[in-house]
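**Q**
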Amino acid sequence: MAKPKLLKEVLKNLFSKPATIQYPREPTPVEPDFRGRHYADLRKCIGCSLCAIECPAKAITMTKIPPQYAEKVKKNPRKIYPVVNYLKCIFCYRCVTVCPTQAYTTTNEYKLASFGKITSEELSLKTLAE
Amino acid sequence: MTVSKIVEIPIVAEIPVGPQHPAIHEPIMLKIYVEGEEVVKVEINTGYNHRGIEKLCEKNSFYKDIFIVSRVCGICNTVHGDCYVRAVEQILDIDPPRRAKYLRTLAMELERIHSHMIINAIMAEIIGYDTLFMLIMRDREMVMKAKEILTGGRVLADYMMVGGVRRDIDEVKRDKILSILDKIEPRVKYYMKLFEEDVTIEKRLRGIGRIKPDEVLKFSLVGPTARGSSIKTDARVEDKYDAYDEVPFNVIVRDEGDSWARMMVRWEETIESINMSRYILNHLPKDGNPVPDERRLPRRFPPGESFTRAEAPRGELTYYIKSDGKPNPYRVKIRTPSFNNIINSGFVYLGHTLADVPVILTSFDPCISCMERVIVIDLKNQTKKIVPFKYISLGRV
Amino acid sequence: MSEERKEVEVPEELEFAKEYIEKSYLMKPNRIVIEIKPEKIREFLTQLSKTLEDRGKKFYLSTIAGTDLIDKNVIQLDYHLIILPPGQGIVVRTYLPRDNPRIDSILDLIPGAFSGECETYDLLGIVFEGNKYLKRGFFVPIDITEKNIFPLRKDSGV
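Residue numbers (my numbering), protein chains in the order written: chain A, 1 to 130; chain B, 1001 to 1397; chain C, 2001 to 2158.
Below is the structure:
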């Protein structure tokens, strides 16, 4: 019986460090421009709804700005802002590239598993809070 | 009572290698009729994975369809996007700059490398060689990292847009991808030598599933299946789309025609792809911005039709688009390579034993979600008609 | 708006078929389209394979595509062929009446048409006579085949 050729490789791997990364105890290396969580910056948004029209997955809904922030947005005549539903989003970034004022902030956050519905509502409203 | 006829029915057992089975990795049903250990007849049943993409494309605009069409298949998503975008550009008469063509070719070649590595790993797993499966998958992670540096996503690279690509590449990223390619090349050469010389692989793969050259043309088999049986056909050479008229490469053809030849064609194509990617990265032209401004793309589409082909890792992919002046397309017809390779190939299994069926099916590179995309609603299982033997003996079948 | 189509001359390999070609024009990028009556498709394909064999070339059937043109009340059926070695694409196009689309099957000449014919029957309702493997549940799920709808027609309501 012939000796299998893989024997040398197997013996070498027996004494070296395993290649698995013990996620979630260690973080996996991710590029800084990976397509992760994105949200609208309300200081630049003008409420044109182009992102909601162009989304292929229909994941963006336009909702009214709550009344306590209504004076802070002067550029937004209809007083609506986009809310991204992350459970429907496919992260294609069509909304980011088609926005006329480039109002979306992008991050490389990918840990988005959750039990309930997660949206970008708090992140967008926090940009107005300061 | 005199007996006028005696009908003898040999024991032909029907074995459904059904949609959920540990031997094959895809939701397809092969009804195999077996006499002893030898396969006598094969029926292929499909329809477990419909998603209705052709009808869905008629309800959305041309630009949204780029993202919908990329999700036909997870492994060959850049090629679907590229073929669709080229068909739309033919209708609009737009020619993208040369730098954009080179970047598109780079994304498609990186995808070809990781797709060939995964099908060889699956073949190793099916014949029982789990160690080799794990080693190939560990090296494939480096290629996924290179794709993430280039496009922004590991598997789904939404990289194609009408008029160019969506991201540009600078010097730092280019050097990172070149160093990854330098690390991959000796590993791929080691695996290729292993497939040529190892005893286990030779006994399981050589002589299984032999196809003659004129059968390949009559049954319209495409891709490495055809190139492993001495038919020289490659859509990159025939159509010369994107940057393939300026990047030098060879078309790999093998003469044996069995499963071993098909896997060796894929390893040699991987080496060719690594050389092509290196050539592209060292010779990127600098004429113009490859990223079009997505806010200024045309909204009106003239009526017309076009037919484009591309060379996916599994074979030849064709798109036919017809538009009639509205912002939605009138008809989008997609024909993926797995469609021809799997459904038309019921004749290859005859005469082999039952244990060879997964080996032959995997050597065709099945990608079932590529294969069925025609009308939506929800996933439902087909009903099977199982006829017990007593009906055959009573003559009621 | 009607499309502009450039009329082209038939290439020399297809000179034998001049008697039943009605129109020929160009589809982008550089594929030649030939329009034929539906009854002559089998003759055309047998003569094409014989002519190409004399010159040492081969061909294969790449795609069968059907489109529902509801305004003109016809169904358009395309056979896309690729001729090796140069890789030139040819499209053979016929029009079938919409209320009774029947055409002869080419399964005995080219067994590779099995998948294309079964899919086109299941989705558009074109009956290929002579193909005994046609069945309704090939791709389409059961709740639509029960209502006897062909999904890709424009008036199907899906």
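Cβ atoms here follow ideal geometry from the backbone N, Cα and C, with glycine treated the same way. Since this is a predicted model, take the numbers as computed values, not measurements.
In angstroms with no decimal places, state the Cα-to-Cα distance between A/Arg43 and A/Asn108.
**A** Those two C-alpha atoms are separated by around 21 Å.
**Q** C/Ala2113: which of C/Pro2141, C/Gly2087, C/Ile2070 and C/Asp2078 sits nearest, CA to CA?
**A** Cα-wise, what sits closest to C/Ala2113 is C/Asp2078.
**Q** Would you call C/Asp2122 buried or exposed, if buried means 16 or more other Cβ atoms sit within 10 Å of its Cβ?
**A** The residue in question, C/Asp2122, is buried, as its Cβ has 16 or more Cβ neighbours within 10 Å.
**Q** Considering only C-alpha positions, which residue in the set A/Ile21, A/Pro56 and A/Lys12 is nearest to A/Cys92?
**A** The candidate whose alpha carbon is nearest that of A/Cys92 is A/Pro56.
**Q** How far does the beta strand (DSSP E) with B/Lys1333 in it reach, from first residue to last?
**A** Start and end: Arg1331 to Arg1335.
**Q** Assuming B/Ile1252 and B/Glu1269 make a contact with CB atoms under 8 Å, what is their CB distance in whole Å?
**A** Confirmed, about 6 Å.
**Q** Residues in the same chain with beta-carbon distance under 6 Å from B/Arg1210, minus the five sequence neighbours each way, listed in chain order, please.
**A** Closer than 6 Å at Cβ, skipping near neighbours: Gly1257 and Asp1258.
**Q** What residues in the stretch 2112-2127 of chain C have a beta carbon less than 7 Å from any beta carbon of chain B?
**A** Answer set for the stretch 2112-2127 of chain C: Gly2112, Phe2114, Ser2115 and Leu2123.
**Q** From B/Tyr1102 to A/Tyr81, what does the alpha carbon distance come to, in whole angstroms?
**A** Each residue's Cα considered, the two are about 39 Å apart.
**Q** Indicate the three-state DSSP secondary structure (helix, strand or coil) for B/Tyr1102 in the structure shown.
**A** Three-state result, B/Tyr1102: helix.
**Q** Go through the stretch 1112-1174 of chain B residue by residue and report every complete run of the alpha helix (DSSP H) that reaches 4 residues or more, in order.
**A** Segments of the alpha helix (DSSP H) lying fully in the stretch 1112-1174 of chain B: 1130-1151.
**Q** Looking at chain A, is there any beta carbon in it that lies within less than 8 Å of the beta carbon of B/Leu1221?
**A** Not one chain A Cβ lies under 8 Å of B/Leu1221.
**Q** When DSSP labels each residue in this structure, what does A/His38 get in the three-state scheme?
**A** Strand, per DSSP.
**Q** Just grab the DSSP bridge partners of A/Asn85 for me.
**A** The partner list for A/Asn85 (beta bridge, DSSP) reads A/Thr119.
**Q** Express the C-alpha separation of B/Val1188 and A/Lys132 in angstroms, rounding to a whole number.
**A** With chain A covering 1 to 130 only, the question about residue 132 of chain A has no answer from this structure.
**Q** Measure the C-alpha to C-alpha separation of B/Gly1163 and B/Ser1277 and round it to an integer number of angstroms.
**A** Near 22 Å, if we compare the C-alpha coordinates of B/Ser1277 and B/Gly1163.
**Q** Roughly how many angstroms separate the alpha carbons of A/Glu26 and A/Ala19, rounded to a whole number?
**A** A/Glu26 and A/Ala19: Cα-Cα distance of roughly 13 Å.
**Q** Against chain B, which members of the stretch 11-28 of chain A pass a CB distance test of less than 7 Å?
**A** The stretch 11-28 of chain A vs chain B, Cβ under 7 Å: Ala19.
**Q** Specify, as a first and last residue, the run of the beta strand (DSSP E) that C/Gly2066 falls within.
**A** Per DSSP, C/Gly2066 belongs to the beta strand (DSSP E) from Lys2058 to Leu2069.
**Q** Which same chain residues end up closer than 7 Å to A/Lys132 when comparing Cβ atoms and leaving out the 5 residues on each side of it in sequence?
**A** This structure cannot speak to residue 132 of chain A, because chain A is shown only from 1 to 130.
**Q** Using the beta-carbon count (16 or more within 10 Å), is C/Val2033 buried or exposed?
**A** With 16 or more other Cβ atoms within 10 Å, it is buried.
**Q** Decide if the stretch 1304-1312 of chain B is in contact with the stretch 1075-1087 of chain B; the criterion is three or more beta carbon pairs, one per stretch, under 8 Å apart.
**A** The stretch 1304-1312 of chain B is in contact with the stretch 1075-1087 of chain B.
**Q** Within this structure, are the beta carbons of B/Ile1334 and B/Val1072 separated by less than 8 Å?
**A** Their beta carbons are under 8 Å apart, which means B/Ile1334 touches B/Val1072 by this criterion.
**Q** Could one say the Cβ of B/Thr1131 lies closer than 8 Å to chain A's Cβ atoms, at least one of them?
**A** Output row for B/Thr1131: interface = yes.
**Q** Here's the rule I'm using: 16 or more other beta-carbon atoms within 10 Å means buried, otherwise exposed. How should C/Ile2070 be labelled?
**A** The residue is exposed, with fewer than 16 neighbouring Cβ atoms inside 10 Å.
**Q** By Cβ distance, which residues of its chain are closer than 6 Å to B/Leu1281, with the 5 residues on each side in sequence left out?
**A** For B/Leu1281, where only same-chain residues beyond five positions count, the Cβ hits under 6 Å are Arg1174 and Leu1178.
**Q** Please check if any C-beta of chain B sits within less than 8 Å of the C-beta of A/Asp189.
**A** This structure does not reach residue 189 of chain A, given that chain A is present from 1 up to 130, and the question cannot be answered.
**Q** Would you identify the three-state DSSP class for B/Val1040, choosing helix, strand or coil?
**A** Strand.
**Q** Suppose you measure from the CA of C/Pro2097 to the CA of B/Ile1231; what does that come to, to the nearest Å?
**A** Approximately 39 Å, taken between the alpha carbons.
**Q** If B/Arg1206 and B/Trp1260 are in contact, beta carbons under 8 Å, what's the gap, nearest whole angstrom?
**A** Confirmed, Cβ separation roughly 5 Å.
**Q** Could you tell me if A/Ser114 is buried or exposed, where buried requires 16 or more neighbouring beta carbons within 10 angstroms of its beta carbon?
**A** A/Ser114 comes out exposed.
**Q** Excluding the five sequence neighbours on either side, which residues of its own chain have a C-beta within less than 6 Å of the C-beta of B/Thr1318, listed in chain order?
**A** The answer, listed in chain order, is Arg1309 and Arg1335.
**Q** Among B/Ile1127, B/Arg1295 and B/Val1199, which residue has its Cα nearest to the Cα of B/Pro1355?
**A** Note that residue 1355 of chain B is Ala in the sequence shown, not Pro. With distances taken between Cα atoms, B/Ala1355 lies closest to B/Ile1127.
**Q** Once you ignore the five residues that flank B/Lys1326 on each side, which residues in its own chain have a CB closer than 8 Å to its CB?
**A** Only Phe1301 meet the Cβ criterion.
**Q** DSSP on A/Lys64, reduced to helix/strand/coil?
**A** In this structure, A/Lys64 counts as strand in the three-state DSSP scheme.
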